[in-house]
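Number of protein chains: 2
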Amino acid sequence: MVAFGLPELLLLATRAVFERTHERLAAQGVALRPAHGYTFQLLASTGGASGAEVAEHLGVTKQAASQLLDGLERAGFIARQPDPRNHRARLAVLTDQGWAAVRAATAVWAEVEAEAAQLLGPDRAQALRAALLQLAEAGGALTPPLRLRPVW
Amino acid sequence: MVAFGLPELLLLATRAVFERTHERLAAQGVALRPAHGYTFQLLASTGGASGAEVAEHLGVTKQAASQLLDGLERAGFIARQPDPRNHRARLAVLTDQGWAAVRAATAVWAEVEAEAAQLLGPDRAQALRAALLQLAEAGGALTPPLRLRPVW
DNA sequence: TACCCTTGGTCAAGGTACTTGACTGAGGGA
DNA sequence: TCCCTCAGTCAAGTACCTTGACCAAGGGTA
């Protein structure tokens, strides 16, 4: 039995959760990469974003964000429409299909949450969330902009 | 204040730890990507591996593993030598410089560990490790082969 | 109202890290 | 001894990002 430190344990537990999310969505025909997930998160929380805003959020160039949105549009997850706030921008918004993908991911996470509560008991699960939140805050992870750097 | 679920918290805390690791190593001139980290982990724990074994461990083709090892060799982190177990293979082993990088990463993780203990207190830090281990085990994350899939 | 500069977006070319496909040649098992 | 397995390489193609250059519509300011 190898002794795992906190960083290794964090990585292993996180991989377990997100690989499962990825597999579950892929089984439903939603094969998306991390950058797509972050984009969905932005569009779902703001109701829509321009290409430049997506680029800023992901920490990539406008060109890369444009390509990524083109792909999501072709696949039917987003649509482009005029931006009432800024007439130069094309606002990307989630389509019904896009929202369905968001709900599917959210559903997997709710399962994970429920299984964690069952596995650990409600008290330890709550303690886990509190501890993780403290670590994330201390590490400055709650202050965007999000950078699309790979996790080791 | 947004309410974060367990998956989001896991991702944020993990990102905080590994971005910090990456920054700290980069400041020492060791600019490595995730795949390199996984390779170092393998070479450090086994004492050496062939290109095919690295490919298997990372979940990539032999060609990709070969390119990756070429880069590490050029940068001085590994050396190739005959494999006593299999005369067809070229064994990749860590050089002194490679071991120094491993020690540097380990040192950052020890700091993280210490800061977590200070932030949470020793009891809650231990509880955190135990909970994460349970989650990782339940998710099957402790049974290799490691797949180099991106974390969402 | 006219002007200019900011800015959202695109075109083009290049680089990196992977892939598939085809192959070589040394090893090692029967 | 023979054959076939297998580690490794060469070549070409793809996905996803970059830098650099550019356009044209907006919108702030005089």
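Residue numbers (our numbering), protein chains in the order written: chain Z, 371 to 522; chain V, 371 to 522. Ideal placement from N, C-alpha and C gives every residue a C-beta, glycine not left out.
Worksheet item: Where Z/G421 and Z/S415 are concerned, what is the direct C-alpha to C-alpha distance, given to the nearest angstrom?
Response: 16 Å
Worksheet entry | 8 Å Cβ cutoff met for V/T384 and Z/L380 | yes
Fill in: Segments assigned alpha helix (DSSP H), at least 4 residues, entirely inside the segment 468-509 of chain V
492-508
Discussion item. Which runs of the alpha helix (DSSP H) at least 4 residues long sit entirely within the segment 403-430 of chain V? Give them in chain order.
Written reply: 404-416, 421-428
Practice prompt. Give a yes or no on whether the C-beta atoms belonging to V/D466 and V/R460 are separated by under 8 Å.
Written response: Going by C-beta atoms, V/D466 is not nearer than 8 Å to V/R460.
Discussion item. For a cutoff of 8 Å on Cβ pairs, would you count Z/P377 as touching chain V?
Written reply: Yes, contact with chain V.
Fill in: For Z/L464, the three-state DSSP class (helix, strand or coil)
strand
Worksheet item: Quick one: is V/T384 near chain Z, going by C-beta distance under 8 Å?
Response: yes
Practice prompt. Would you verify that the beta carbon of Z/W469 is, or is not, closer than 8 Å to some beta carbon of chain V?
Written response: no
Worksheet item: Of all the options V/A396, V/E393, V/A500, V/V430, which has the alpha carbon lying nearest to the alpha carbon of V/T409?
Response: V/V430
Item to complete: Pull up the distance between the alpha-carbon of Z/S436 and that of Z/R458, whole angstroms please.
Response: Rounded to the nearest whole angstrom, the C-alpha separation of Z/S436 and Z/R458 is 15 Å.
Worksheet entry | Minimum C-alpha distance to Z/G399 - residue among Z/G510, Z/E483, Z/A474 | Z/A474
Practice prompt. Out of V/G407, V/A511, V/G510, V/A495, point me to the one whose CA is closest to V/V472's CA.
Written response: V/G407
Fill in: Any chain Z beta carbon closer than 8 Å to V/W522
Since pLDDT at V/W522 reaches only 40, below the 50 mark, its modelled position is unreliable, and the value read off the structure follows with that caveat. So yes, V/W522 belongs to the interface.
Discussion item. Please list, in chain order, the residues of the segment 399-414 of chain V that have any C-beta partner in chain Z closer than 7 Å.
Written reply: Cβ contacts with chain Z: R403, P404, G407.
Fill in: Closest residue to Z/G418 among Z/V387, Z/F447, Z/L498 (Cα-Cα distance)
Z/F447
Fill in: Beta-ladder partner(s) of Z/R450, from DSSP
Per DSSP, Z/A462.
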